[in-house]
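Visitor:
Residue numbers (full-length UniProt numbering): 1 to 817.
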């Protein structure tokens, strides 16, 4: 055969293969469904019936990796809206998608790259097919009945398409969130997540991977999200909010199917609603999260409102004043505001403030189809109601939203932005009001008895006996607490709960409600007046007895700080003594640091946030509260974490109050927990604010290392954790102390700053340790501490510079935990 003939045959063969490939691609492009035993290969696509979306293999940006995903076909920019194998890209164009009991993405050699969840409980007649719907939703369904077994809308990436639900399906146990891309070339999970919080009125948050809140997008109020700037009401889409026992979700639907919209969460945490503008062949921004100094979560603290255009960003709401005037004037607004006057406010007195991004609704009560007047009446009747507003602002307003905790993350809407709403803030102190109402009821009962004694003299002797017995019993109850004087007890303004109230709230101290057990007794979860509480029940055999109970009630009765656990009231009845606290859903810090069975890891940004929060709480106790308070038992188990992982210092049973001029005191009995007690306190019974500073330093080293100070073991030395940290510091290897579980989430400068603070706080002599206000500045990078000196609790065996460094044994009686 001639070379010429061979060349012609070769050309015809290539043409034949080209025609076959063209036919295959054309036929694949013409269908929207993949049937069993069919495969979708790189180069093939399936297209939705409307021609808007296509499913296939493609590269992203400059990346050479291949991804299976869905993108716009009808729009020239071909934006990607969903990626299947975002965690496992293909390295070459050999991928194929097949329907085989589920959806499977395979590479060369049939290696499994990605798959949908396996389909179970199907009949023999079920024929599974994969179909790309006009909505951009890829579904795995029964070809005959149309029943869905899996859908891509349940597993979104960074794009929220019309018809997609963001929320929770409680029946199937599926939560749908948006997750940003790592960058424009890498669709793997980035640093930000958009998710729905459902603890109060459901709303959207943008959260970073370290569990810290970046921004609150808010809830849908009928016209837009409360935390996003928006234009005029839209005529091309509608939003639905569904709240049932089975599911809670937000979904938006286009009014005009020819207008293309999508919502995206980009790699810098910006959330936007985009609209395709055909004239300019580009996406226009219709709604976006705020981009100004008030963008971060809760910059102004409780009852503070942020205004990006003001000379000072934060102002207090009407009727409120800065809680810490000095800090406020210096631009530190984190402590927020407090009521200007709580004694003259009457029931039903509310102050209206307009044009605001409404507060965080995580601890709220709500009802649909309620007028504003009805909402006010309900708020008036609820002593814990702090404020109320409409849920839906359309048509004059509808629905009722009420807050029962501090109002936080408030922002003033800017000119031209239609996101502002009205809120009505109560001027009464809910706890004072509750106490006064109880006192009023008692007085009414007493008046009624006097009338009965006057009108019915025959029953005089009987009522006298009853009254005598009641008073005797009441006095015996109050004697148990033995407050310093009656004025002191009245000054606390804490509710005195009845034993029956606590029994009902905790379901009779059910074992299912038990949160933990300590030397004082047990702690139970309960629900009281619509809010969750924690009840600390003093055991009759507790080593911490009446004195500690009395001390805790008196000590923290009027302490109000975001980093201190809030005491809501107490109960005394016979031998029963209980303290009622706000409920902390995330338990205590030691649970996250030292519980090896706990699958939840605190990464470095969250640990750094906790360190700063504890420091701010101690500054308040040592310096900013009306009395100087020394905690004396600061440790990881006494740091509680709220729903946002904010730290709260708890357990003030061993705390001591000092007058403003007092800096230290002596005791005949050392109390506290081994591993956290300062040297001068353990050896001589001298305690001061610097004793708490020492305990804080130990805590910092534990938080960074993930290891307990007490019981720390090193295979080469006999160091304590403090000694090990000091040795690494002297060898310039301090970063070796960082918890290996943190991997690469930690920031070198923040870690070094924290470790230096920790070592400075555990120095032997109190005068060498920094104050907590200095610690705050140091953690913020504002001040530099001098090099730390060697800690006293250094080693069990070694000596240094001729001075013994053995562990100092207490010379006084010690009560330890």
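Cβ atoms here follow ideal geometry from the backbone N, Cα and C, with glycine treated the same way.
Small disclaimer: the values here were computed from a predicted structure and weren't measured.
With residue 604 as the anchor, note down where its alpha helix (DSSP H) starts and where it stops.
Guide: 604–619 is the extent of the alpha helix (DSSP H) around residue 604.
Visitor: Which class does residue 390 belong to by DSSP, given the choice of helix, strand or coil?
Guide: In the structure shown, residue 390 sits in coil (DSSP, three-state: anything other than H, G, I, E or B).
Visitor: Exposed or buried, which one is residue 552 when buried takes at least 16 other CB atoms within 10 Å?
Guide: The residue in question, residue 552, is buried, as its Cβ has 16 or more Cβ neighbours within 10 Å.
Visitor: Is the beta carbon of residue 353 closer than 7 Å to that of residue 407?
Guide: No, they are not a contact pair.
Visitor: Would residue 613 pass as a contact of residue 646 if the rule is Cβ separation under 7 Å?
Guide: Against a cut-off of 7 Å, the Cβ pair of residue 646 and residue 613 comes out as a contact.
Visitor: Could you pull the DSSP bridge partners for residue 44 from this structure?
Guide: 42.
Visitor: Please classify residue 262: is it buried, with 16 or more other beta-carbons within 10 angstroms of its beta-carbon, or exposed?
Guide: Buried, because 16 or more other Cβ atoms sit within 10 Å of the Cβ of residue 262.
Visitor: Compare the beta carbon distance of residue 778 and residue 618 with 7 Å and say whether it is the shorter of the two.
Guide: Their beta carbons are not under 7 Å apart, which means residue 778 does not touch residue 618 by this criterion.
Visitor: At what residues does the alpha helix (DSSP H) containing residue 304 begin and finish?
Guide: Careful: residue 304 lies outside any alpha helix (DSSP H), inside the beta strand (DSSP E) at 304–306.
Visitor: I need the boundaries of the beta strand (DSSP E) containing residue 679, first residue and last residue.
Guide: Counting along the chain, residue 679 falls outside any beta strand (DSSP E), though it belongs to the alpha helix (DSSP H) covering 679–684.
Visitor: In whole angstroms, what is the alpha-carbon distance linking residue 109 and residue 83?
Guide: Distance between the alpha carbons of residue 109 and residue 83 is about 22 Å.
Visitor: Give the secondary structure of residue 226 by DSSP, where H, G and I count as helix, E and B as strand, and everything else as coil.
Guide: DSSP places residue 226 in coil when its eight states are reduced to three.
Visitor: Since residue 645 sits in a beta bridge, which residues does DSSP pair it with?
Guide: DSSP output for residue 645 lists no bridge partner at all.
Visitor: From the DSSP output, read off the bridge partner residues of residue 746.
Guide: According to DSSP, which records beta bridges pairwise, residue 746 is partnered with nothing at all.
Visitor: From residue 149 to residue 141, what does the alpha carbon distance come to, in whole angstroms?
Guide: C-alpha separation (whole angstroms): 5 Å.
Visitor: Answer with buried or exposed for residue 325, where buried requires no fewer than 16 other C-beta atoms within 10 angstroms of its C-beta.
Guide: Exposed is the call here.
Visitor: Whose C-beta lies closer than 7 Å to the C-beta of residue 68 among residues of the same chain, with five residues either side of it excluded?
Guide: Hits under 7 Å: 57, 84, 85, 95, 97, 105.
Visitor: For residue 517, which beta-bridge partners are listed by DSSP?
Guide: Bridge partners of residue 517: 522.
Visitor: Whose CA, out of 497, 385, 629, lies closest to the CA of residue 580?
Guide: Of the candidates 497, 385, 629, the one whose C-alpha sits nearest the C-alpha of residue 580 is 497.
Visitor: May I ask you to report which of helix, strand or coil DSSP gives residue 170?
Guide: In the structure shown, residue 170 sits in coil (DSSP, three-state: anything other than H, G, I, E or B).
Visitor: Going by C-alpha to C-alpha distance, which of 224, 319, 751, 507 sits closest to residue 425?
Guide: Comparing Cα-Cα distances from residue 425 to each of 224, 319, 751, 507, the minimum goes to 319.
Visitor: What residue does the alpha helix (DSSP H) around residue 729 start on, and which one ends it?
Guide: Start and end: 721–730.
Visitor: By Cβ distance, which residues of its chain are closer than 8 Å to residue 764, with the 5 residues on each side in sequence left out?
Guide: Here the set comprises 679, 789, 790, 791, 792.
Visitor: From residue 582 to residue 501, what does the alpha carbon distance come to, in whole angstroms?
Guide: Approximately 16 Å between the Cα atoms of the pair.
Visitor: Kindly indicate which residue of 73, 74, 341, 355 has the alpha-carbon position closest to the one of residue 414.
Guide: Per the Cα distances, 355.
Visitor: What's the C-alpha gap between residue 37 and residue 100?
Guide: Between residue 37 and residue 100, the C-alpha separation is close to 7 Å.
Visitor: Only counting the same chain, and skipping five residues up and downstream in sequence, which positions put a Cβ closer than 8 Å to that of residue 739?
Guide: These residues qualify, in order along the chain: 704, 705, 706, 707.
Visitor: Less than 7 Å separating the beta-carbons of residue 625 and residue 640?
Guide: It is not a contact, given that the beta carbons lie outside the stated cut-off.
Visitor: Would you tell me roughly how many angstroms separate the C-alpha atoms of residue 411 and residue 754, rounded to the nearest one?
Guide: Roughly 32 Å separates the two Cα atoms.
Visitor: Going straight from the alpha carbon of residue 40 to that of residue 128, what length do you get?
Guide: So the alpha carbons of these two residues sit roughly 15 Å apart.
Visitor: Could you tell me the distance, in whole angstroms, from the CA atom of residue 819 to the CA atom of residue 93?
Guide: Here the chain covers residues 1 to 817 and nothing more, so residue 819 does not appear.
Visitor: Does the Cβ of residue 315 have 16 or more other Cβ atoms within 10 Å, making it buried, or fewer, making it exposed?
Guide: By the 10 Å Cβ count, residue 315 comes out buried.
Visitor: Secondary structure at residue 427, three-state DSSP: helix, strand or coil?
Guide: Coil at residue 427, not helix or strand.
Visitor: Taking its Cβ as the centre, do 16 or more other Cβ atoms sit within 10 Å of residue 537, making it buried, or is it exposed?
Guide: Its Cβ being crowded by 16 or more others within 10 Å, residue 537 is buried.
Visitor: Can you look up residue 376 in the DSSP assignment and give me helix, strand or coil?
Guide: Here residue 376 sits in helix by DSSP.
Visitor: Can you name, in chain order, every residue of its own chain whose Cβ lies under 6 Å from the Cβ of residue 750, other than the five neighbours on each side?
Guide: Result list for residue 750: 608, in chain order.
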